[in-house]
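Peer 1:
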Amino acid sequence: MYAWIWRHLPGPTAAKVVEALVLVLGVVALLMLVVFPWVEPLLPFNQVTTG
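Right, here's the structure in full:
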């Protein structure tokens, strides 16, 4: 999968490195700002005290 992404990025190697970094940062931002806040209420880790 990573080789497929690398082959399809345009430009020379230096540009591909920058583009890959931007892609990784975009995925991390999407996870942190959208996916994790959406999933967090569904997780059972909200009850931290024992009964």
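Start counting at 1 in the sequence shown, then tack on 3, and there's your number in the working numbering.
Even for Gly, the Cβ is constructed at its ideal location relative to N, Cα and C.
None of the values given here were measured: they were computed from a predicted structure.
(1) Report the CB separation of Ala23 from Leu12 in whole angstroms; it is logged as a contact under 8 Å.
(2) In the DSSP assignment, the alpha helix (DSSP H) including Gly29 goes from what residue to what residue?
(3) I think Lys19 touches Trp7, with their Cβ atoms under 8 Å apart; what is that distance to the nearest whole Å?
Peer 2: A quick look at the data gives this:
(1) For the purposes of this step, residue 23 is identified with residue 20 of the sequence shown, where counting begins at 1. For the purposes of this step, residue 12 is identified with residue 9 of the sequence shown, where counting begins at 1. Confirmed, Cβ separation roughly 7 Å.
(2) Along the sequence shown, one-based indexing puts residue 29 at 26. Per DSSP, Gly29 belongs to the alpha helix (DSSP H) from 16 to 33.
(3) As a working note, residue 19 is residue 16 in the sequence shown. As a working note, residue 7 is residue 4 in the sequence shown. Contact annotation, Lys19 with Trp7: C-beta distance approximately 13 Å; criterion of less than 8 Å not satisfied.
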